Amino acid sequence: CDALGNLASGPTPANQDAIYEQGGLEAIFAAMQDLPDEATVQQVACQALYFLVWENARIMEDIVNCDGAAAMENALKAHRWHAGVQHWGSNALALFNAVEDGKS
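Going left to right, the sequence shown walks through residues 645 to 748 as the numbering used here numbers them.
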């Protein structure tokens with residue numbers, strides 16, 4: 645997740661698309677689901693999601709379909725005292741919600 649987050653940051657559409665097309669989104673959600681008690685994994689997963697969603701409607705749509713908001717909310721609830729999870733999780737969720745609110 646950390647490597648994917650670093651590649652997606654910038655953010656550059658080419659990197660976002662390459663990560664998406666190679667199954668990066670599924671890998672991030674799998675890591676979040678498989679390692680819910682690992683705060684560092686949850687932090688870097690939320691960071692990667694934040695950068696992947698940035699101005700990318702196609703990836704946003706897949707995150708909606710994968711119930712990505714729930715994954716971010718679960719990370720925030722499970723790691724209430726971890727500053728990194730709280731920072732990246734809340735920022736990713738805010739960006740996600742802002743885009744979703746703009747659609748209604």
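Every residue, glycine too, gets a C-beta built ideally from N, C-alpha and C.
Remember, predicted model here, so these are calculated numbers, not experimental data.
| Query | Result |
| --- | --- |
| Segment contact flag, the region 681-700 with the region 720-729, C-beta cutoff 8 Å, min 3 pairs | yes |
| Residue from N741, D681, W698 with nearest C-alpha to N659 | W698 |
| Three-state class that DSSP yields for N718 in the structure shown | helix |
| Coarse secondary structure for L679, derived from DSSP in three states | coil |
| Three-state secondary structure (DSSP) of T621 | Any property of residue 621 remains undetermined from this structure, which presents the chain solely from 645 to 748. |
| Exposed unless 16 or more other CB atoms sit within 10 angstroms - verdict on A701 | exposed |
| Simplified DSSP assignment, three categories, for W732 | helix |
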